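Engineer: Per my numbering, residue 10 is the first one in the sequence shown, and the count goes up by one each step. Take a look at this one; I'll ask things after.
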Amino acid sequence: MPVNSRRKGHNYEREMCRWYRAEGYEVERGIQTRRGGEEAADVSGVSGLHIECKRVARSGITTYCKQAAKDCPDGWRWVLHQKTDREEPTVTVSLDFWRELKRSGWESIAKAAANTDKAES
Numbered sequence: 010m011p012v013n014s015r016r017k018g019h020n021y022e023r024e025m026c027r028w029y030r031a032e033g034y035e036v037e038r039g040i041q042t043r044r045g046g047e048e049a050a051d052v053s054g055v056s057g058l059h060i061e062c063k064r065v066a067r068s069g070i071t072t073y074c075k076q077a078a079k080d081c082p083d084g085w086r087w088v089l090h091q092k093t094d095r096e097e098p099t100v101t102v103s104l105d106f107w108r109e110l111k112r113s114g115w116e117s118i119a120k121a122a123a124n125t126d127k128a129e130s
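In structure tokens:
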């Protein structure tokens, strides 16, 4: 991988760490090993989530999701943050995890946020 691409990826990992910290999580960048050891998450510190971050010129979302799922410890859920050049950042989760989020009441949080936005307008 070219040095500039690695730097761009590491910077995005740092950006996502700052985002999670601003949300109240104590996170850190994962230590990356590719020498036969177990793969670490790009961002660690959110219990139960294996967080991968990708900063790319073109999306390879299927490949990245497969990597996140493969590297994710048993019983945890993977989350993929991706920032493609000149595009908005995205977050991808598995369909099973999405169902869990939906059932856990996220809709009430989204509706409350929408009502707050309307009230401020």
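Glycine included, C-beta positions come from ideal geometry on N, C-alpha and C. In this text, all values refer to a predicted model and were calculated from it rather than measured experimentally.
1. What does a CB cutoff of less than 7 Å around residue 36 pick up in its chain, not counting 5 residues either side in sequence?
2. Could you give the C-beta distance for residue 88 and residue 102, rounded to a whole number, given that I count them as a contact under 8 Å?
3. So is residue 39 buried or exposed if we call it buried at 16+ other beta carbons inside 10 Å?
4. Which partner residues does residue 59 have in the DSSP bridge list?
5. So if DSSP puts residue 111 in a beta bridge, which residue, or which two residues, is it bridged to?
6. Taking the straight line between their C-alpha atoms, what separation do you get for residue 108 and residue 58?
7. What residue range does the alpha helix (DSSP H) around residue 12 cover?
8. Among 94, 72, 105, 113, whose alpha-carbon lies nearest the alpha-carbon of residue 85?
9. Distance check for residue 63 and residue 22, CA to CA, integer angstroms please.
10. Count the other CB atoms within 10 Å of the CB of residue 32; is the residue buried (16 or more) or exposed (fewer)?
Structural biologist: If we stick to the structure as given:
1. Position 27 of the sequence shown holds residue 36. Sequence-distant partners of residue 36 (beyond 5 residues in either direction) whose C-beta falls short of 7 Å from its own C-beta, in its chain, are 26, 29, 30, 52, 53, 54, 55.
2. Looking up residue 88 in the sequence shown gives position 79. Looking up residue 102 in the sequence shown gives position 93. Residue 102 and residue 88 do touch by the CB rule: their CB atoms are close to 6 Å apart, below 8 Å.
3. In the sequence shown, residue 39 corresponds to position 30, counting from 1. Within 10 angstroms of the beta-carbon of residue 39 lie 16 or more other beta-carbons, which makes it buried.
4. Along the sequence shown, read from residue 1 onward, the residue named residue 59 stands at position 50. Beta-bridge analysis with DSSP links residue 59 to 87.
5. As a working mapping, residue 111 is identified with position 102 in the sequence shown. Its beta-bridge partners do not exist; DSSP assigns none.
6. Against the sequence shown, residue 108 aligns to sequence position 99. Against the sequence shown, residue 58 aligns to sequence position 49. Just so you know, the alpha carbons of residue 108 and residue 58 end up roughly 15 Å apart.
7. Against the sequence shown, residue 12 aligns to sequence position 3. First-last of the alpha helix (DSSP H) with residue 12: 12-31.
8. Start at 1 with the first residue of the sequence shown, and residue 85 comes out as number 76. The residue from 94, 72, 105, 113 with its alpha-carbon nearest to that of residue 85 is 105.
9. Mapped onto the sequence shown, residue 22 falls at position 13. Mapped onto the sequence shown, residue 63 falls at position 54. Cα to Cα, the separation comes out at about 8 Å.
10. Along the sequence shown, read from residue 1 onward, the residue named residue 32 stands at position 23. That one is exposed.
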